[in-house]
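Worksheet for the structure shown next.
Number of protein chains: 2
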Amino acid sequence: MLKAEIITSGTELLLGEITDSNTPYLADQLAGLGINLYYSSTVGDNYQRYSGVLKQAWDRSDLIITTGGLGPTQGDITRDVIAGLLGEELTVDPDLKKELIEFFSRRGIEMPENNLRQATVIPSALALRNYSGTAPGWWVEKDGRIIVTLPGPPAELQSMWTNQVLPRLQAKSDAIIVSRTLKTWGLSEAKVDEMVAPFLSTANPTLAMYAGPEGIRLRITAKADTEEAAGALITEREKDIRGILDNYIWGVDDETLEGIIGQLLCSRNMTLAVAESITGGLLACALSGVPESRNFFRGGIIMPANAAEVGAESAARMANQARREFAADVGIAIDGYAGDAEDNARDAAYIAVDAASNQGTIKANYPARLPQMTRRIISHALIYLRDFIRS
Amino acid sequence: MLKAEIITSGTELLLGEITDSNTPYLADQLAGLGINLYYSSTVGDNYQRYSGVLKQAWDRSDLIITTGGLGPTQGDITRDVIAGLLGEELTVDPDLKKELIEFFSRRGIEMPENNLRQATVIPSALALRNYSGTAPGWWVEKDGRIIVTLPGPPAELQSMWTNQVLPRLQAKSDAIIVSRTLKTWGLSEAKVDEMVAPFLSTANPTLAMYAGPEGIRLRITAKADTEEAAGALITEREKDIRGILDNYIWGVDDETLEGIIGQLLCSRNMTLAVAESITGGLLACALSGVPESRNFFRGGIIMPANAAEVGAESAARMANQARREFAADVGIAIDGYAGDAEDNARDAAYIAVDAASNQGTIKANYPARLPQMTRRIISHALIYLRDFIRS
Chain S
182 MLKAEIITSG
192 TELLLGEITD
202 SNTPYLADQL
212 AGLGINLYYS
222 STVGDNYQRY
232 SGVLKQAWDR
242 SDLIITTGGL
252 GPTQGDITRD
262 VIAGLLGEEL
272 TVDPDLKKEL
282 IEFFSRRGIE
292 MPENNLRQAT
302 VIPSALALRN
312 YSGTAPGWWV
322 EKDGRIIVTL
332 PGPPAELQSM
342 WTNQVLPRLQ
352 AKSDAIIVSR
362 TLKTWGLSEA
372 KVDEMVAPFL
382 STANPTLAMY
392 AGPEGIRLRI
402 TAKADTEEAA
412 GALITEREKD
422 IRGILDNYIW
432 GVDDETLEGI
442 IGQLLCSRNM
452 TLAVAESITG
462 GLLACALSGV
472 PESRNFFRGG
482 IIMPANAAEV
492 GAESAARMAN
502 QARREFAADV
512 GIAIDGYAGD
522 AEDNARDAAY
532 IAVDAASNQG
542 TIKANYPARL
552 PQMTRRIISH
562 ALIYLRDFIR
572 S
Chain W
182 MLKAEIITSG
192 TELLLGEITD
202 SNTPYLADQL
212 AGLGINLYYS
222 STVGDNYQRY
232 SGVLKQAWDR
242 SDLIITTGGL
252 GPTQGDITRD
262 VIAGLLGEEL
272 TVDPDLKKEL
282 IEFFSRRGIE
292 MPENNLRQAT
302 VIPSALALRN
312 YSGTAPGWWV
322 EKDGRIIVTL
332 PGPPAELQSM
342 WTNQVLPRLQ
352 AKSDAIIVSR
362 TLKTWGLSEA
372 KVDEMVAPFL
382 STANPTLAMY
392 AGPEGIRLRI
402 TAKADTEEAA
412 GALITEREKD
422 IRGILDNYIW
432 GVDDETLEGI
442 IGQLLCSRNM
452 TLAVAESITG
462 GLLACALSGV
472 PESRNFFRGG
482 IIMPANAAEV
492 GAESAARMAN
502 QARREFAADV
512 GIAIDGYAGD
522 AEDNARDAAY
532 IAVDAASNQG
542 TIKANYPARL
552 PQMTRRIISH
562 ALIYLRDFIR
572 S
């Protein structure tokens, strides 16, 4: 099995100016391929230090993925560092040069001389096209190792990865890895751990658990010679787990709670409106971000929490107001106390749902005023809404 | 000057299950202290690989900061790895043991045997108290190097850093480093670069530029023997830059656009309401997150973009509706086309502001339908609102 390593370059990362979202993305992708990621490191735009990190990776890993350092400036040194390590010469690739000139001319500008650096390759490198930027990537194979060189902007990196790197890595793989994530709500991590304990120690498929603001996730990963065989292992284990966790499971894989709500509403031809105070607009954001939102999301009202009136009754009134104002079939509201950290007794969120024929409210006992609780309150509200619609 | 290195441990990071927010936090803190961070790396919970990474850091850096791996389980090996590197023995510290037992007894539970691992130290380590969790950190000084060992949960790490590590590092520092960030809007990175070019190559103070969705930031960093002397260098350079960039600068340091708007409204005793379509609630979120929001933020309306009517007139109507419905002094609206990626001509955001005596709208020519444009549109709207209120 391939041993992989990620190298991220960029002095701005080491100054804490930006956060690296590429490493978590790539780490997740590699896990899905069954490739072991043993190390990731960040290094500044310094030739000597970058070369040291790359040399070390070359000595201990089979697959090295670099991100960043492909821009047109003198500080973008990834190509130079790789050429240096492999003892190969950088030359301008005429096709890449032509594409770059065309990229700029479509924007009505002449290509700056500096950008020519982005058209350079070494003999071992196959250029990877960048359809949303000027920096091509590289796929380098030499001495039994692979170096994949990707641009730093996440949208460019992800598109290049999905279309040009992933298929090549899948072709290299000697086994098929398939994984499936089951998403639960309503049980603690310790409780889920206890309930699925016998499956946590099996080797194929494996089972891993993760906690987050949308509940506890369980990832089943199976390895086999064919996709069918891996899929069969997954299906069987999923059945075991569904037998135990029953209706705590609300979704699988990339499904989100807001997406589930959107599908449910669309399938019943229903519309939704929201009213929120302490969550300040994030519930509306989550729902309006769903692709089919224009078919079910009628709108939202955001109002400051009114300390004098917060409670189940206030939440119920908000849900009713949202439903009526936007002429929706269902209204949902989240209310709670903002501020006043001392007042623990009042530290809760109130969730209310309102339809013409039925209403409901619950009190969610979280420290609702804390910003890190917001997504958890929203998850709770969406689960409550789901059960309300279904009932 | 100290050469620093960060080592983050945790297999869950290498599986892409969680994102590391500690490294950007620490990187920013180190930059503020004038300490050079040359490398950061992530390694799994594997004794051999972690030891290799730590040994390398010991050989090339003066200050090593580790995060994570201080929990009570067998997978938490940071203490063991450091003890191994330094050839020292781990023993239970009676005071730490007593504190841990008390921590659990306050929660009405007996301390699990495993947690005793968290009370262990080596002779070179000074324990750092953890007031919000069970994992103490370490401050280790040996052979001219410092190892600082911090717990993984960000709230615990940041509290320990601020109260116990930062003062010790400041005491070690032979110079005072002060920095100030100037935040601009309305100029491209290339243009700012050109305008402040003479100051980008000076050694003390230094000037660095960063681009983001709130505009281009300029960070001035000065080093001197005293805080006053460093401050004087900063003030002088700030005057130079303000002379050039004039009223493109909207704020400094930690100031945010929504915070600036909040202060401006509070100082004039004015209230604000919002209406938004394509930004789906994020403008309301930004404003309701400002500490003094209850003094100026009256509420918001979120409505789906109505493809048939989008434009300056629709935005103006939305701003007026928001102002009237929430009885605010000013209404602000953002409208635009959602979806329809093919239709470039319509790909813009419309921003409108409405007060009893005055109204205004602008068209912002971004690809407004792209999620990554949302924060940029919101920044643009807030700058427009600021100028509207001031005018």
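In order, the protein sequence lines correspond to chains S and W.
The first sequence begins at 182 in our numbering and counts up by one.
The second sequence begins at 182 in our numbering and counts up by one.
Backbone N, C-alpha and C define an ideal beta-carbon position, used for all residues, glycine too.
List in chain order: all unbroken beta strand (DSSP E) runs of 3+ residues lying wholly within the segment 452-508 of chain S.
-> 453-457 and 478-483
From the beta carbon of S/A212, is the nearest beta carbon of chain C less than 8 Å away?
-> Here chain C cannot be found, since the structure's protein chains are S and W.
Simplified DSSP state of S/I425, which is helix, strand or coil | To locate residue 425 of chain S, count along the first sequence from 1; it is residue 244. In the structure shown, S/I425 sits in a helix (DSSP, three-state: H, G or I).
Under 8 Å by Cβ, that's how I've got W/L277 and W/P317 pegged, so tell me the actual separation to the nearest angstrom.
-> The residue you call residue 277 of chain W lines up with position 96 of the second sequence. The residue you call residue 317 of chain W lines up with position 136 of the second sequence. Going by Cβ atoms, the distance from W/L277 to W/P317 rounds to 6 Å, so yes, they are a contact pair.
With a cut-off of 8 Å, does the C-beta of W/M499 fall near any C-beta of chain S?
-> Working through the second sequence from its first residue, we reach residue 499 of chain W at position 318. W/M499 does not count as touching chain S.
Comparing the C-beta of S/T223 with each C-beta of chain W, is any distance below 8 Å?
-> Locating residue 223 of chain S in the first sequence gives position 42, where the first residue counts as 1. Yes, S/T223 counts as interfacial toward chain W.
Please decide whether W/S202 counts as near chain S, where near means a Cβ-Cβ distance under 8 Å.
-> Here residue 202 of chain W corresponds to residue number 21 of the second sequence, with the count starting at 1. With 8 Å as the cut-off, W/S202 counts as an interface residue toward chain S.
Pick from W/I430, W/F507 and W/P348 that is closest to S/I483, judged by C-alpha positions = On the first sequence, position 302 is the one that residue 483 of chain S refers to. S/I483 has its Cα closest to that of W/F507, out of W/I430, W/F507 and W/P348.
Closest Cβ-Cβ distance between W/F569 and chain S: below 8 Å?
-> The count along the second sequence starts at 1 and reaches residue 569 of chain W at position 388. Output row for W/F569: interface = no.
9 Å Cβ cut-off: residues of chain S touching W/P485 | What you label residue 485 of chain W is simply residue 304 of the second sequence in a count that begins at 1. The contacting residues are S469, S474, R475, F478, R479 and G480.
Which class does S/D257 belong to by DSSP, given the choice of helix, strand or coil?
-> As a working note, residue 257 of chain S is residue 76 in the first sequence. In the structure shown, S/D257 sits in coil (DSSP, three-state: anything other than H, G, I, E or B).
How should S/S222 be labelled, buried or exposed, when 16 other C-beta atoms within 10 angstroms of its C-beta is the threshold for buried?
-> Residue mapping note: residue 222 of chain S aligns to position 41 of the first sequence, counting from 1. Buried.
8 Å Cβ shell around S/S242 - same chain, five flanking residues per side excluded | Taking the first residue of the first sequence as 1, we reach residue 242 of chain S at position 61. Excluding sequence neighbours, S/S242 sits near K184, A185, E186, Y219, Y220 and R326.
Test item: CB-CB of W/E473 and W/G443 under 8 Å | Your numbering for residue 473 of chain W matches position 292 in the second sequence. Your numbering for residue 443 of chain W matches position 262 in the second sequence. Closer than 8 Å, so yes.
Roughly how many whole angstroms lie between the Cα atoms of W/V471 and W/E436?
-> Within the second sequence, residue 471 of chain W is the residue found at index 290, counting from 1. Within the second sequence, residue 436 of chain W is the residue found at index 255, counting from 1. About 11 Å.
May I ask you to report which of helix, strand or coil DSSP gives S/M554?
-> For the purposes of this step, residue 554 of chain S is identified with residue 373 of the first sequence, where counting begins at 1. S/M554: helix per DSSP, three-state reduction.
Residue-level contact to chain S via CB, W/A411, 8 Å cutoff = The count along the second sequence starts at 1 and reaches residue 411 of chain W at position 230. Chain S, which has no Cβ nearer than 8 Å to the Cβ of W/A411, makes this no.
Can you give me the start and stop residues for the beta strand (DSSP E) that S/Q345 sits inside?
-> Taking the first sequence and counting its residues from 1, one reaches residue 345 of chain S at position 164. Looking at the DSSP string, S/Q345 is not in any beta strand (DSSP E), and its letter there is neither H nor E.
Going by the beta-carbon positions, is the gap between S/I459 and S/I532 smaller than 8 Å?
-> Residue numbering aside, residue 459 of chain S sits at position 278 when the first sequence is read from its first letter. Residue numbering aside, residue 532 of chain S sits at position 351 when the first sequence is read from its first letter. No.
What are the residues that DSSP puts in a beta bridge with W/Y231?
-> Within the second sequence, the letter at position 50 stands for residue 231 of chain W. DSSP output for W/Y231 lists no bridge partner at all.
S/M292 - DSSP class collapsed to helix/strand/coil = Taking the first sequence and counting its residues from 1, one reaches residue 292 of chain S at position 111. Three-state result, S/M292: coil.
Pick out whichever of S/W342, S/A308, S/I441 and S/V346 has its Cα sitting closest to the Cα of S/A660.
-> Residue coverage of chain S in this structure runs from 182 to 572, which leaves residue 660 of chain S outside it and unanswerable.
Contacting residues, own chain, Cβ-Cβ under 7 Å from W/G265 (five flanking each side not counted) = Working through the second sequence from its first residue, we reach residue 265 of chain W at position 84. Counting only Cβ-Cβ distances below 7 Å, and skipping sequence neighbours, we find S232.
Which whole-angstrom value describes the C-beta separation of S/P379 and S/L414, a residue pair presumed to lie in contact below a C-beta threshold of 8 Å?
-> As a working note, residue 379 of chain S is residue 198 in the first sequence. As a working note, residue 414 of chain S is residue 233 in the first sequence. Actually they are not in contact, since the Cβ atoms of S/P379 and S/L414 sit about 16 Å apart, beyond 8 Å.
Name the chain S residues whose beta carbon is nearer than 7 Å to that of W/D528?
-> Residue numbering aside, residue 528 of chain W sits at position 347 when the second sequence is read from its first letter. Residues of chain S passing the Cβ test: none, with the nearest at roughly 15 Å.
Hey, could you find the ends of the beta strand (DSSP E) W/E186 is sitting in?
-> Your numbering for residue 186 of chain W matches position 5 in the second sequence. Start and end: K184 to S190.
Interface flag, S/P394 vs chain W, CB-CB below 8 Å = The residue labelled residue 394 of chain S in the question sits at position 213 within the first sequence. No, S/P394 does not count as interfacial toward chain W.
Would DSSP call S/D209 helix, strand or coil?
-> Against the first sequence, residue 209 of chain S aligns to sequence position 28. Three-state DSSP puts S/D209 in a helix.
Using a Cβ cut-off of 8 Å (strictly closer), state whether W/A465 contacts chain S.
-> On the second sequence, position 284 is the one that residue 465 of chain W refers to. So, interface residue.
In whole angstroms, what separates the C-alpha of W/S305 from that of W/V346?
-> Locating residue 305 of chain W in the second sequence gives position 124, counting from the first residue. Locating residue 346 of chain W in the second sequence gives position 165, counting from the first residue. Using only the alpha carbons, I get a separation of about 16 Å.
With a cut-off of 8 Å on the beta carbons, I'd call S/S560 and S/E395 a contact; round off their distance for me.
-> As a working mapping, residue 560 of chain S is identified with position 379 in the first sequence. As a working mapping, residue 395 of chain S is identified with position 214 in the first sequence. Contact flag correct, Cβ pair sits at about 5 Å.
Does any C-beta atom of chain S lie closer than 8 Å to the C-beta of W/P293?
-> Locating residue 293 of chain W in the second sequence gives position 112, where the first residue counts as 1. Taking Cβ atoms only, chain S never reaches closer than 8 Å to W/P293, which makes this a no.
Write down the C-beta distance between W/L563 and W/L426 rounded to the nearest angstrom, noting that I regard them as a contact closer than 8 Å.
-> Sequence index remark: in the second sequence, residue 563 of chain W carries index 382 (1-based). Sequence index remark: in the second sequence, residue 426 of chain W carries index 245 (1-based). Not confirmed; about 19 Å, so no contact.
Please confirm if S/E417 has its CB atom under 8 Å from at least one CB of chain W.
-> Residue numbering aside, residue 417 of chain S sits at position 236 when the first sequence is read from its first letter. No, because no Cβ of chain W sits closer than 8 Å to the Cβ of S/E417.
For S/V302 versus S/W320, is the C-beta distance shorter than 8 Å?
-> On the first sequence, position 121 is the one that residue 302 of chain S refers to. On the first sequence, position 139 is the one that residue 320 of chain S refers to. Contact: no.
Per-residue DSSP class, three states only, for W/D434 = For the purposes of this step, residue 434 of chain W is taken as residue 253 along the second sequence, with counting starting at 1. W/D434: coil per DSSP, three-state reduction.
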